[in-house]
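Structure first, then comments.
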Amino acid sequence: MIELEHVTKLYGSIPGLRDVSLHVPKGQTVGLLGRNGAGKTTALNLMTGYFPPTEGKVRVGGKDMLADSRACKRMIGYLPEKPPLYDEMTVEEYLAFVSELREVTRKANREHVNEIIELCSLKEVRERVIGHLSKGYRQRVGIAQALCGAPDVLILDEPTVGLDPRQTVEMRELIRKLGKDHTVVFSSHILTEVQQLCSRVIILNEGRMVQSIDLTEKPADTLRLRVRAAGRKEALLGALKGLQCVLQAEGVNSPEAGTAEFLLTCKTADEQGRATDQIFRLLAGLNAPIRMMTEEVDSLEEIFLRNT
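Next up, the structure:
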């Protein structure tokens with residue numbers, strides 16, 4: 003649905019984005035994760051056509067953003083970090099105005115606005131002046147204006163920034179609901195938020211895409227184990243390396259006297275059975291009681307800290 007192909011954006015001589023290529027399929031919710039200044043907002047501005055890339059191509063729905071920007075922008079609803087609200091208008095007046103700008107016909111406008119107000123839970127404030135709304139409601143109106151014109155793609159820049167805990171939960175629920183019928187790309191620096199809402203995470207650092215993580219992936223057919231057992235490190239390491247299921251083994255410092263500790267990369271299972279069972283049998287046969295065996299799993303936080 004959205005594609006960046008070798009995109010670079012320079013601000014003068016300063017790179018905001020460097021040779022980034024990514025593809026967001028239709029129906030996916032993708033989070034852009036990174037520290038301040040990593041390039042998240044630049045990437046979103048390029049996706050919306052707010053400014054052109056210095057190099058590379060941006061496509062939406064297969065159409066080139068530069069060659070056919072009008073068609074591309076029709077497919078996109080955008081919530082910038084500061085929502086473009088008119089404080090003197092009521093919620094209903096503002097959404098009707100934006101819908102007209104997005105080429106919704108006068109005949110269809112009222113019903114269209116009613117649907118958006120219902121979807122964004124704005125019924126109780128529809129006749130309120132926007133300038134008198136709380137931060138949470140203003141952010142909801144910001145998302146509502148992004149829905150005007152029935153775009154296929156929603157691009158949201160830090161949609162929960164500045165919200166209190168209750169408002170944040172409500173906004174996440176709204177984004178989750180919108181993700182059922184739209185392709186959603188949003189930026190955030192909150193790891194838990196990205197994990198809760200996204201099927202895929204893209205980590206940016208200093209304008210580069212350093213990691214793309216599919217949060218829906220099935221468990222891999224390999225696993226990493228940390229094993230501590232009583233005995234001599236050299237002898238046990240050699241025996242562990244001899245197991246067919248062990249792909250890689252290294253000895254590490256053990257905090258417990260008289261024991262040896264290892265980091266193992268293993269096939270989850272092979273024709274000899276599960277890797278954990280094979281390791282138990284081997285060490286029991288060597289009279290090397292196991293003191294600890296745990297699976298090493300990288301959390302999103304660890305991946306983020308390692309790459310930024």
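Per my numbering, the very first residue in the sequence shown carries number 3; after that it's consecutive. No residue lacks a Cβ here, since even glycine has one placed at the ideal position from N, Cα and C.
Spatially closest choice to residue i from the options, by CA coordinates
i           : options               : result
residue 84  : 162, 150 and 31       : 162
residue 195 : 20, 154, 90 and 33    : 33
residue 137 : 44, 148 and 173       : 173
residue 319 : 237, 133, 225 and 308 : No information on residue 319 is available, as it lies outside the stretch 3 to 310 that the chain covers here.
residue 229 : 171, 8, 180 and 294   : 294
residue 43  : 301, 263, 28 and 206  : 206
residue 50  : 39, 78 and 135        : 78
residue 223 : 18, 88, 303 and 267   : 267
residue 234 : 141, 259, 106 and 71  : 259
residue 262 : 269, 240, 276 and 80  : 240
residue 11  : 75, 37, 36 and 56     : 56
residue 16  : 99, 36, 41 and 278    : 41
residue 64  : 45, 47, 87 and 28     : 28
residue 90  : 305, 133 and 282      : 133
residue 7   : 26, 37, 144 and 59    : 59
residue 307 : 269, 193 and 264      : 193
residue 106 : 88, 123 and 76        : 76
residue 110 : 151, 178 and 264      : 151
Residue i, enclosing alpha helix (DSSP H) - first and last residue
i           : result
residue 105 : Premise fails: residue 105 is in no alpha helix (DSSP H) and is neither H nor E.
residue 193 : 193 to 199
residue 169 : 167 to 180
residue 239 : 235 to 243
residue 274 : Premise fails: residue 274 is in no alpha helix (DSSP H) and is neither H nor E.
residue 304 : 302 to 309
Nonlocal neighbours in the same chain, by C-beta distance under 8 Å from residue i, ignoring five residues either side
i           : result
residue 119 : 93, 94, 97, 125, 128 and 146
residue 291 : 231, 232 and 285
residue 201 : 30, 31, 32, 216, 217 and 218
7 Å CB neighbourhood of residue i in its chain, flanking five on each side removed
i           : result
residue 274 : 246, 247 and 280
residue 243 : 251
residue 198 : 174
residue 67  : 51, 60, 61 and 74
residue 170 : 162
residue 47  : 53
Terminal residues of the beta strand (DSSP E) in which residue i lies
i           : result
residue 214 : 210 to 216
residue 203 : 202 to 207
residue 81  : 78 to 81
residue 250 : 248 to 254
residue 288 : Run containing residue 288: none; DSSP gives neither H nor E here.
residue 227 : 224 to 232
residue 259 : No beta strand (DSSP E) contains residue 259, which DSSP labels as neither H nor E.
residue 185 : 185 to 190
residue 294 : 292 to 297
Close Cβ partners of residue i (< 6 Å) along its chain, the five nearest in sequence each way excluded
i           : result
residue 177 : 199
**Request:** Could you say if the region 89 to 109 and the region 126 to 133 meet the contact criterion of at least three C-beta pairs nearer than 8 Å?
**Result:** The answer is yes - the region 126 to 133 touches the region 89 to 109, with three or more Cβ pairs under 8 Å.
**Message:** What ranges does the alpha helix (DSSP H) occupy inside the region 96 to 164, keeping only unbroken runs of at least 4 residues that lie completely in it?
**Reply:** 108 to 121 and 137 to 149
**Request:** Spell out a yes or no on whether the region 142 to 159 and the region 180 to 192 are touching, meaning 3 or more CB-CB pairs, one atom from each, closer than 8 Å.
**Result:** yes
**Asked** Are the region 19 to 33 and the region 208 to 227 touching, with three or more C-beta to C-beta distances below 8 Å?
**Response** yes
**Request:** Output the residue ranges of the alpha helix (DSSP H) runs that lie fully inside the region 50 to 76 and measure 4 residues or longer, sorted by chain position.
**Result:** 71 to 76
**Message:** So within the region 4 to 57, which uninterrupted beta strand (DSSP E) runs reach at least 3 residues, ignoring any that extend past its ends?
**Reply:** Entirely contained in the region 4 to 57, the beta strand (DSSP E) runs reaching 3 residues are, in chain order, 4 to 13, 16 to 26 and 31 to 35.
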